[in-house]
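To keep things clear, I will list the structure first and then write my remarks on it.
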Amino acid sequence: MSNITLTRRHNALALFQDHAERALAQGAAPKGLEQAFAAALQISPSMWSQIKSSRPIGDKLARQIEAMTGQPAGWLDAPRESRSPTAAEKAFLELALAAWRATNSAGRKALREHLKARITGTL
């Protein structure tokens, strides 16, 4: 996978994270955030799902995403520093670490497999 593909995906996910955090702060329910983000980008929810996992973001779609999110042209193409974990992410990491440490090798393998399945969509 090319650097531009990874950079665009990383930045698009950061835009979604910002969108989700704003929506949750305004009292929106977590369910439906991805569909709302896709609608804001004027793409289908299935296309957003593909973008998150494997679909490359072409030039035309990159400019559309930037325009719909108020970013300048080329914003998706520029590498950015990773953001610090949010409070929710930190809480999850602490929980995951506690679960990891509290189990044996079979339990760790099960945790790892569950997360892999979740990421790849096979769960």
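Residue 8 in this note's numbering sits at position 22 of the sequence shown, and the numbers go up by one each step.
Yeah, the Cβ is synthetic: ideal placement off N, Cα and C, and Gly gets one too.
Measure the CB-CB distance between Gln34 and Glu52 and report whether it falls below 8 Å.
One detail in the question is off: residue 34 reads as Trp in this sequence, not Gln. For Trp34 and Glu52, no; Cβs fall outside 8 Å.
Quick check on the burial criterion: 16 or more other C-beta atoms within 10 angstroms. Buried or exposed for Phe78?
exposed
Where the alpha helix (DSSP H) through Gln50 begins and ends
45 to 54
Measure the beta-carbon distance from Ala26 to His5 and round it to whole angstroms, keeping in mind my assumption that it falls under 8 Å.
7 Å
In chain order, what are the residue ranges of uninterrupted alpha helix (DSSP H) at least 4 long that sit wholly in the region 2 to 42?
19 to 27, 31 to 39
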